[in-house]
Every structure is written in C-alpha cells, then in structure tokens.
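Taking this note's numbering as reference, the numbering of the sequence shown is continuous, increasing by one, and the terminal residue is 683.
Presented below is the structure to which this report refers.
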Amino acid sequence: MTSPIRTERHDNVLVVISDNPPVNALGQAVRAGLKDAIEEALSDDGIEAVVIRCDGQTFFAGADITEFGKPPVGPNLPETLDAMEASDKPVVAAIHGTALGGGCEVALACHYRVAVPSAKLGLPEVKLGLIPGAAGTQRLPRLVGAEAALPLVVDGNPISAKKAQSVGLIDALAGEDSLEAEAIAFAKSRIGQPVPRASEGKANDDGVRDPDLFDRFRASQARKIRGFDAPNSAIEAVKAAGELSYAEGVKKERELFMKLMTGTQSAAMRHYFFAERAANKIDDVPNDTPLIPIRKIGVIGAGTMGGGISMNFLSAGIPVTILEMANDALDRGVRTVRTNYESTAKRGRMTAEQVEKAMGLLTPTLSYDDLADCDLVIEAVYENMEVKKQVFGKLDEVVKQGAILASNTSYLDIDEIATATTRPGYVVGMHFFSPANVMKLLEVVRGKETRHDVLATVMKLSKAIGKVAAVSGVCPGFIGNRMLSKRQEQANELIMEGANYWDVDDVLLDFGFPMGPFQMADLAGIDIGWHRDPTKVTTIREALCAAERFGQKNGKGFYDYDEARNRTPSDEVKRIIADFAAKEGKERREISKDETRERLLYPMVNEGAKILEEGMAQRASDIDVVWINGYGWPLYTGGPMFWADTIGLHTVATGLEEYGLPVSDRLRSTAEGDGKFNDKP
Ligand code: 3HC
Numbered sequence: 003m004t005s006p007i008r009t010e011r012h013d014n015v016l017v018v019i020s021d022n023p024p025v026n027a028l029g030q031a032v033r034a035g036l037k038d039a040i041e042e043a044l045s046d047d048g049i050e051a052v053v054i055r056c057d058g059q060t061f062f063a064g065a066d067i068t069e070f071g072k073p074p075v076g077p078n079l080p081e082t083l084d085a086m087e088a089s090d091k092p093v094v095a096a097i098h099g100t101a102l103g104g105g106c107e108v109a110l111a112c113h114y115r116v117a118v119p120s121a122k123l124g125l126p127e128v129k130l131g132l133i134p135g136a137a138g139t140q141r142l143p144r145l146v147g148a149e150a151a152l153p154l155v156v157d158g159n160p161i162s163a164k165k166a167q168s169v170g171l172i173d174a175l176a177g178e179d180s181l182e183a184e185a186i187a188f189a190k191s192r193i194g195q196p197v198p199r200a201s202e203g204k205a206n207d208d209g210v211r212d213p214d215l216f217d218r219f220r221a222s223q224a225r226k227i228r229g230f231d232a233p234n235s236a237i238e239a240v241k242a243a244g245e246l247s248y249a250e251g252v253k254k255e256r257e258l259f260m261k262l263m264t265g266t267q268s269a270a271m272r273h274y275f276f277a278e279r280a281a282n283k284i285d286d287v288p289n290d291t292p293l294i295p296i297r298k299i300g301v302i303g304a305g306t307m308g309g310g311i312s313m314n315f316l317s318a319g320i321p322v323t324i325l326e327m328a329n330d331a332l333d334r335g336v337r338t339v340r341t342n343y344e345s346t347a348k349r350g351r352m353t354a355e356q357v358e359k360a361m362g363l364l365t366p367t368l369s370y371d372d373l374a375d376c377d378l379v380i381e382a383v384y385e386n387m388e389v390k391k392q393v394f395g396k397l398d399e400v401v402k403q404g405a406i407l408a409s410n411t412s413y414l415d416i417d418e419i420a421t422a423t424t425r426p427g428y429v430v431g432m433h434f435f436s437p438a439n440v441m442k443l444l445e446v447v448r449g450k451e452t453r454h455d456v457l458a459t460v461m462k463l464s465k466a467i468g469k470v471a472a473v474s475g476v477c478p479g480f481i482g483n484r485m486l487s488k489r490q491e492q493a494n495e496l497i498m499e500g501a502n503y504w505d506v507d508d509v510l511l512d513f514g515f516p517m518g519p520f521q522m523a524d525l526a527g528i529d530i531g532w533h534r535d536p537t538k539v540t541t542i543r544e545a546l547c548a549a550e551r552f553g554q555k556n557g558k559g560f561y562d563y564d565e566a567r568n569r570t571p572s573d574e575v576k577r578i579i580a581d582f583a584a585k586e587g588k589e590r591r592e593i594s595k596d597e598t599r600e601r602l603l604y605p606m607v608n609e610g611a612k613i614l615e616e617g618m619a620q621r622a623s624d625i626d627v628v629w630i631n632g633y634g635w636p637l638y639t640g641g642p643m644f645w646a647d648t649i650g651l652h653t654v655a656t657g658l659e660e661y662g663l664p665v666s667d668r669l670r671s672t673a674e675g676d677g678k679f680n681d682k683p
C-alpha cells in the first residue's frame with residue numbers, strides 16, 4: 003500500500019505532504035509516514051528545515067475517529083508529535099482549511115505555524131465527548147496562556163487564522179495561493195536559530211497568577227456544559243498545565259482522556275458525529291444526482307415561522323420573496339425579521355452592514371405573481387389541509403415549471419397536499435422547528451412521488467443554510483412530533499395518576515432536556531388551539547385556560563411566574579388536576595422518579611421502533627439526529643435509539659410490559675435477538 007505521506011525537497015527544506023482524503027485524518031498510515039519523514043529529515047545533512055502541509059481541502063482535521071475503540075496500532079500520535087517537536091531543525095506547519103483536534107496538535111508540535119487567512123484552528127474534541135489526547139491541553143496553554151486556551155479546549159469551536167495570530171497560535175499569515183512557497187521561505191529564515199518548543203513555553207502564567215480564572219470560566223459556561231463530562235476534564239487539564247511539569251501534565255491529560263474515551267458519553271457523541279453525516283444521505287438517491295439550481299426562494303406567510311425560515315436563506319445570501327395576504331401582517335413580519343437581525347448585531351454576532359445586506363435580499367409582496375420565478379417556494383401558513391391545498395393549487399398555477407414546492411407542515415399529509423398540484427414529484431415537506439432561524443433541525447418529508455433531484459437539492463440546501471437534515475416518510479407528526487405525542491400522552495397520564503407535574507418536568511431536566519413538557523406548554527402558550535369557551539372544559543389544558551392561566555405570557559400557566567420568570571408550582575393547578583383525576587375516578591398514588599422517567603421515554607423508543615418498522619425513517623440514527631437537534635434530547639446520551647441500545651432493549655421492552663404499555667414487533671424482535679437499533683454503538 004502506498005503511504006499517504008510523500009516528501010519533496012526544495013533546496014535544503016524537506017516538504018512533507020499528506021494526501022489522505024477527504025480530511026487528512028491522522029490514521030495509522032499518516033502517523034507512520036510523518037514519523038518516517040521526520041527521521042528522513044533528521045538523518046539527512048542536506049536538509050536544514052521541514053515544512054508540513056496537506057493536499058486536498060484541509061490540513062489534518064484530527065485523529066481518525068473510525069479508529070477509536072479499536073486496538074491501537076503504532077506509532078501513536080503523541081510519540082509522532084514528540085519526535086517532530088524534538089527536532090533541532092525547524093519544523094513549520096503550513097495550514098489551510100481546518101486544523102482540528104489532532105491536526106491542531108500537529109501544528110502545536112511544530113516549531114512554527116504559518117496559515118492562510120481562510121484557515122481555521124480548533125480543538126473540537128469536547129464535541130466527541132473527549133479532550134485533546136496528544137498533549138494539546140499542555141502545549142496550547144504554554145504557547146498562548148490559559149485564558150486564551152480555555153475557550154478553545156472547552157467550547158471546541160474553531161477560531162480564524164487572524165484570531166489565532168492575535169493570541170500567538172499562528173506566527174505568520176500567507177497568501178491563499180502561495181502557502182507552500184511562503185512556508186518554505188519562513189522555514190529558511192529560521193535555519194540556524196534555536197527552535198521554540200510549545201512544550202517549553204512560558205505563556206501560561208496567567209492561570210498560575212490567577213487560579214480563580216478556571217472557576218470563573220466554569221461558572222460562565224455552566225448552562226452550556228450542564229451534564230457533559232468532557233468540558234470539566236478539559237478545564238482540569240488546562241489548569242494542570244500551570245501546576246505541573248510538562249511531563250506530569252501530559253500524564254494527567256492522558257488519564258483524563260482515557261477515562262472519557264472509555265465512557266458512555268464519548269461513545270454516544272461519536273455515534274452522533276457519524277449519525278449527523280449519515281442523515282444527510284438518502285439510500286436510494288445517488289450522490290451524483292443532478293441538483294436543481296436554487297437562486298431565489300419564495301416564502302408564504304410572514305408570521306413567526308415564515309419570517310424565521312426566510313432568515314436562514316437571507317443569512318446565506320439567497321434572495322427571498324415573502325408573501326402575506328394583508329399589508330399590516332406583511333409589514334409586521336418584515337419588521338420582526340429586521341428586529342431579530344438587529345438584536346443579533348447588538349450581541350456582536352453580526353455587523354450593521356451584514357444586517358443591511360440580509361434585509362436587502364428580502365422582497366415583501368402581496369401578489370402570488372411575484373413568486374413566478376422562484377426556484378423553491380416554502381409554504382408556512384396555518385395548519386389546515388384545505389388552506390394548504392388552496393395555497394399549493396395557486397402556487398402550481400403561478401410558479402414556473404421545475405420549481406420545488408415545499409410545505410412547512412409539522413403534521414399534515416404531504417401526499418394529500420401534493421394532489422392539489424399537477425407536479426407531485428416537485429412537492430416535498432421542509433419542516434423547520436421554531437425559532438426557525440435558530441433551531442438546527444430540518445425534517446425533510448419525502449412524499450411517495452417526490453423526485454430524487456428534489457430530495458438531493460433540499461438536502462444540499464439544508465447544509466448550505468447550516469441545518470442538520472433528516473428524512474422522514476409521510477406519517478402523522480413525521481418522526482419528531484410522532485414520538486413527542488407518546489411522551490406527552492404519558493406526561494398527562496402520570497399527573498392524573500398522582501405524579502406532581504413539576505416532578506415530571508424535573509425528571510426530564512435531570513435526564514438532560516432543557517425543559518419538561520409542562521414548562522414547554524407554559525412557554526408556547528396553553529391557549530394555543532383553545533376554543534375560547536370557558537364553560538366547555540374537558541381537558542386539564544381547557545381548565546387552565548378557563549382559569550385564565552395562559553402560560554408565561556400572562557405570568558401563570560402550570561406554574562406561577564414572577565417578574566424574572568422564575569417559576570413556582572401553583573396550588574390552583576394542583577387543585578385543578580386533583581379535581582380532574584377525581585372526576586375520572588383515577589386512583590392517585592405516589593409515583594417514583596424512575597417510573598416517571600421510564601414511562602416518559604420508553605414509549606418514545608417504542609414509537610421510534612415502529613417508525614423504523616414502517617420505513618418512515620431510513621435508519622435508527624436518523625431518529626437520534628431528529629431528537630437531538632429538534633427537541634433538546636441530551637447529546638451525551640446519543641439520542642433515544644442509541645440511549646435505548648446503551649441501557650439495553652430488553653430493559654426497555656420489559657419496562658413497557660410492566661407498565662402495561664404496548665411493545666412493537668421491531669422492539670421485541672430486536673431485543674429478543676440481543677440486537678441493537680444502531681449496529682455500531
Ligand atoms: N476521522 C474520520 N473521518 C472523518 C473525520 C475524522 N476526524 N472527520 C471527518 N471525517 C469524515 C466524515 O465522516 C465524512 O465521511 P463521509 O463522507 O463518509 O460521510 C467525511 O470525512 C467528510 O466530512 P464532512 O462531511 O464533515 O465534511 P465537511 O467538509 O463538511 O467538514 C470538517 C470537514 C470540518 C473537517 C469536519 O469533518 C469535522 O469537523 N471533522 C471532525 C473534526 C474533529 O472532531 N477532529 C477531532 C478528532 S478527535 C482527535 O483529534 C483526538 C486527538 O486529540 C487525539
């Protein structure tokens with residue numbers, strides 16, 4: 003097998019080049035090749051400096067994640083990097099694309115770093131439930147200081163080359179088209195000088211002088227890192243860099259890394275990494291399916307949803323024409339989009355010019371004719387089949403042939419909507435989640451006639467606007483809401499049987515959800531869909547509405563809210579629930595947290611199994627992607643199906659039986675065969 007590493011001599015400089023598509027991951031052959039190349043450079047008197055660069059789209063994007071969990075084959079990354087750093091001949095990293103994880107650690111082990119302005123550097127290991135494992139947590143703070151190192155290691159978000167230069171992670175910027183030549187010139191200019199080694203760097207005094215730095219940083223991240231193991235280990239490792247010798251610090255990093263690597267959180271997050279990428283692929287739609295060019299979007303409805311949907315495209319530089327029925331609704335919608343952008347700008351996440359640029363791409367209209375030349379129109383009107391069919395009939399008349407007609411319905415039958423058109427092949431569901439400009443998930447609903455090029459185009463487009471897409475077949479509620487309704491059924495049942503509604507919420511919070519169902523109801527508004535007749539009370543929600551408990555919007559819903567929106571359980575609601583239970587003759591009892599959790603979550607897994615059985619999801623991991631991105635299922639458990647695999651499908655099936663709840667054929671047969679929903683947990 004030919005090595006992915008080759009070398010080229012440029013006078014007295016050895017250029018070491020990696021060619022390991024798609025992302026130059028640091029697999030065994032790459033590590034071995036790098037180690038050999040360094041040895042070649044050291045043993046050759048004609049070579050006085052080394053440049054390391056990569057072919058293809060990026061500098062090394064990290065360790066090869068597919069090797070994790072398998073028996074290690076040497077040389078390992080730390081020893082490869084130590085050999086690199088030990089060289090007395092200057093070693094220069096020439097960086098383009100993304101130097102991530104192990105790739106950033108390669109750069110740190112080099113004596114100098116030169117990058118093109120478009121390059122990004124980062125240590126995203128926390129996103130895989132890990133910390134850097136090749137001395138990144140020890141070299142980085144010694145090079146740039148603990149304060150600059152903490153966000154890189156703990157948040158895992160990459161930084162631009164310019165920012166990297168400002169903190170001392172990059173020594174020089176090179177032209178986008180002249181990286182190699184400039185890196186060679188840089189290397190030559192350092193020949194004969196003592197080499198600076200990051201492991202010997204003295205920059206981490208800040209963390210030593212101000213040890214509270216770490217607690218302050220932890221407190222500032224508390225909400226974001228709740229429940230995750232890796233960020234705390236990352237803080238500990240960076241702190242150790244200031245307290246211990248380099249060798250001891252590396253040992254500490256290794257201990258923390260190995261503990262995380264063998265734990266369930268990292269397994270779950272690695273599962274998610276591949277799940278997200280798999281979800282973007284549709285089994286029977288070939289990769290090379292020709293795409294429909296999307297240059298202009300139409301959005302029907304300028305309400306919260308339509309406005310949020312539009313923002314995704316405007317932010318990505320794609321013009322949007324937004325349609326409403328009346329002028330005031332249209333004006334209000336456009337104003338809301340502007341206000342949202344301006345508040346993003348106030349938080350420093352957008353410039354004033356970017357706001358104007360995005361708004362300049364938005365065309366408001368009251369006339370369907372203005373949608374004629376759109377390549378994709380997304381309908382976001384009221385959830386009513388007749389209304390939707392009227393809209394689609396109208397769109398079919400005015401919008402050019404070959405354009406995609408999408409519905410943002412969260413529940414309705416896309417195939418029926420498609421019958422209102424003469425082009426059912428071009429009809430698809432694009433189910434955004436509220437707030438649509440923020441939430442990552444896009445459920446792409448595939449009708450029975452939806453064409454391959456339509457699907458391929460929508461999947462590609464979703465990536466361009468920063469969404470994570472997963473495909474669902476046509477069934478009520480699709481993947482996400484269909485499973486949510488099972489959880490909701492149990493939540494309602496549990497409070498009738500005697501569970502406190504705040505305990506139900508707390509159980510889900512403890513599990514790692516950002517909120518529980520009753521908090522969610524208060525946030526969304528209890529009166530959504532209410533018939534507005536206080537004398538007609540058949541459900542708890544209607545009873546709450548009759549008592550004018552509409553949710554957070556009027557300071558009382560399931561909970562009472564103070565000015566700062568702190569919530570406390572309400573005596574009035576307790577009474578309403580108890581009365582209801584009495585009326586229905588429910589025997590009330592104390593319900594444990596375990597029972598609550600199991601009854602909320604096991605039926606969801608069961609519904610997921612049915613979704614698989616019916617072919618409504620392509621794979622179990624797509625269901626995980628939907629729940630993590632659309633409903634706040636905690637990433638560190640890997641999603642409902644992976645979580646079920648982790649706790650054991652027998653446990654889930656037996657639990658359901660004990661509670662007298664249904665067990666689907668797929669769940670039962672997979673459990674009986676000792677199988678898992680996800681093949682490679
Ligand atoms: N190992 C193995 N495969 C990888 C990989 C990695 N580190 N990174 C990406 N891939 C694969 C993807 O699975 C995908 O495969 P597929 O085509 O079969 O689905 C392919 O490469 C392309 O990836 P993307 O679709 O993500 O391509 P993009 O161009 O959108 O993004 C990227 C490129 C920004 C590099 C992105 O892939 C990424 O963020 N990769 C992960 C980076 C990372 O987490 N690195 C740290 C690894 S852990 C580590 O280094 C530990 C060390 O400290 C010891």
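The C-beta atom is built at its ideal place from N, Cα and C for all residues, glycine as well.
* Asked: Can you find a heavy atom of the ligand 3HC that lies under 8 Å from the Cβ of Ala-280?
  -> yes
* To do: May I ask whether a heavy atom of the ligand 3HC can be found less than 8 Å away from the beta carbon of Val-32?
  => It does not: the Cβ of Val-32 is nowhere closer than 8 Å to a heavy atom of the ligand 3HC.
* Gln-521 burial status per 10 Å Cβ neighbour count (16 or more: buried) -> buried
* When DSSP builds the beta bridges, which residues end up paired with Thr-338? -> According to DSSP, which records beta bridges pairwise, Thr-338 is partnered with nothing at all.
* Local Cβ density within 10 Å of Tyr-384, reported as buried at 16 or more and exposed below that -> exposed
* **Cβ pair count under 8 Å reaching 3, the stretch 662-677 against the stretch 549-559** => no
* **For Pro-683, three-class secondary structure by DSSP** => Interpretation of Pro-683 is limited by its pLDDT of 39, a score under 50 that renders its predicted location unreliable; no figure is taken from the coordinates.
* Taking the continuous alpha helix (DSSP H) assigned at Met-263, which residues delimit it? -> 248-263
* Give the range of the beta strand (DSSP E) segment to which Ile-302 is assigned. => 299-302
* **Where the beta strand (DSSP E) containing Leu-102 begins and where it ends** => 100-102
* Asked: Taking 8 Å as the cut-off, is the CB of Gln-140 close to at least one heavy atom of the ligand 3HC?
  -> no
* Check the C-beta distance from Ala-420 over to Gly-449 and give it rounded, since I have them as a contact under 8 Å. => 5 Å
* Just confirm the distance between the C-beta atoms of Phe-62 and Gly-35, as a whole number of angstroms; I'd bet it's less than 8 Å. => Phe-62 to Gly-35, Cβ: 12 Å. No contact.
* Any non-hydrogen atom of the ligand 3HC closer than 8 Å to Asp-333 Cβ -> no
* Are the stretch 344-352 and the stretch 262-277 touching, with three or more C-beta to C-beta distances below 8 Å? -> no
* Have a look at the DSSP bridge pairing and note the partners of Thr-365. => Thr-323
* Quick one: residues in its chain with C-beta nearer than 8 Å to the C-beta of Asp-455, no 5 flanking neighbours on either side, listed in chain order? => The beta carbon of Asp-455 is closer than 8 Å to those of Thr-291, Pro-292, Leu-293 and Ile-294 in its chain, skipping five residues each way along the sequence.
* In chain order, which alpha helix (DSSP H) runs of at least 4 residues are fully inside the stretch 439-508? -> 454-466 and 482-499
* To do: For my contact list, Arg-55 and Tyr-114 are in at a C-beta cut-off of 8 Å; report their separation, rounded to the angstrom.
  => Incorrect: roughly 13 Å between the Cβ atoms, too far for contact.
* Asked: Over what stretch of residues does the beta strand (DSSP E) that includes Val-627 continue unbroken?
  -> No beta strand (DSSP E) contains Val-627, which is instead part of the alpha helix (DSSP H) from 622-632.
* Asked: Would you say the beta carbon of Thr-68 comes nearer than 8 Å to a heavy atom of the ligand 3HC?
  -> yes
* Would you say Ala-65 touches the ligand 3HC, meaning its beta carbon is less than 8 Å from a heavy atom? -> yes
* Figure out for me which residue from Asp-84, Glu-616 and Glu-87 has the closest Cα to the Cα of Cys-477. => Glu-616
* Would you tell me roughly how many angstroms separate the C-alpha atoms of Ala-549 and Ala-584, rounded to the nearest one? => 19 Å
* Skipping 5 residues on each side, what residues in its chain have a beta carbon closer than 7 Å to that of Pro-683? -> Because Pro-683 carries a pLDDT of 39, less than 50, the predicted location of this residue cannot be relied on, and no value is offered for it.
* To do: Please indicate yes or no: does the CB of Pro-24 lie closer than 8 Å to some heavy atom of the ligand 3HC?
  => yes
* Would the beta-carbon of Ser-242 be found less than 8 Å away from any heavy atom of the ligand 3HC? -> Position check: residue 242 holds Ala in this sequence, whereas Ser was assumed. Ala-242 Cβ: outside cutoff for every heavy atom of the ligand 3HC.
* With DSSP run on the structure shown, which of helix, strand or coil describes Val-533? -> Reading the sequence as shown, one finds His at residue 533 and not Val. DSSP places His-533 in coil when its eight states are reduced to three.
* Asked: Which residues share a DSSP beta bridge with Lys-612?
  -> Answer by DSSP bridge pairing: none, since Lys-612 is not bridged.
* Asked: If you draw a straight line from the C-alpha of Arg-599 to the C-alpha of Glu-255, how long is it?
  -> 35 Å
* Start and end residues, alpha helix (DSSP H) containing Gly-662 -> Per DSSP, Gly-662 belongs to no alpha helix (DSSP H) and is neither H nor E.
* To do: List the endpoints of the continuous beta strand (DSSP E) containing Phe-434.
  => 429-434
* Based on Cα-Cα distance, which residue from Gly-404, Val-118 and Leu-102 lies nearest to Ala-96? -> Val-118
* Can you tell me whether DSSP reads Asp-562 as helix, strand or coil? -> strand
* Asked: By DSSP, does Thr-9 sit in helix, in strand, or in coil?
  -> strand
* To do: In angstroms with no decimal places, state the Cα-to-Cα distance between Gly-335 and Leu-325.
  => 10 Å
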